[in-house]
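Novice:
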Amino acid sequence: MIIFGTRGYLYQLAIMTLVCGRCGNPSAHTLRKRVTKFTLFFVPLFPISSKYATQCTFCGAEQKATKEQAEQLQAQAASAHAAQQYGQPQQPQQPYQA
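So for the sequence shown, UniProt numbering puts the first residue at 1; every next one is plus one.
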């Protein structure tokens, strides 16, 4: 008897301030990566698919993103975090458009 299947994992990559495309509020958005892995005897072996999305923490709207868009948003969040550590005020960014 062989037991196999899939399991989903959700990783939070970054939190950034953006203007929501749905509600129009400047609020925190989480950048998330959802990975589906193939499992054999309940042991995850290798990833089957990866999907990226941002979610507004104010209204809960979720927008899909490509890998390139996710990498760009993650780089922007890292640079904004570095600037914030040195005392520079952070301004909300433009609405994210898919």
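Even glycine gets a Cβ: it sits at the ideal position worked out from N, Cα and C. Bear in mind the structure is a predicted one, so any value in this text is a computation, not a measurement.
Apply the 10 Å Cβ neighbour rule to Ala98 and answer buried if 16 or more other Cβ atoms are within range, or exposed otherwise.
Specialist: Here Ala98 scores only 47 on pLDDT, less than 50, and its place in the model should not be relied on; the value that follows carries that caveat. Classification of Ala98: exposed, given that the 10 Å Cβ count is below 16.
Novice: Roughly how many whole angstroms lie between the Cα atoms of Lys37 and Ser79?
Specialist: Near 31 Å, if we compare the C-alpha coordinates of Ser79 and Lys37.
Novice: If we call anything under 8 Å between Cβ atoms a contact, is Gly21 one with Gln63?
Specialist: Against a cut-off of 8 Å, the Cβ pair of Gln63 and Gly21 comes out as a contact.
Novice: Report the rounded CA-to-CA distance for Ile48 versus Val35, giving the unit in angstroms.
Specialist: So the alpha carbons of these two residues sit roughly 7 Å apart.
Novice: Out of Ala70, Pro44 and Ile3, point me to the one whose CA is closest to Lys51's CA.
Specialist: Lys51 has its Cα closest to that of Ala70, out of Ala70, Pro44 and Ile3.
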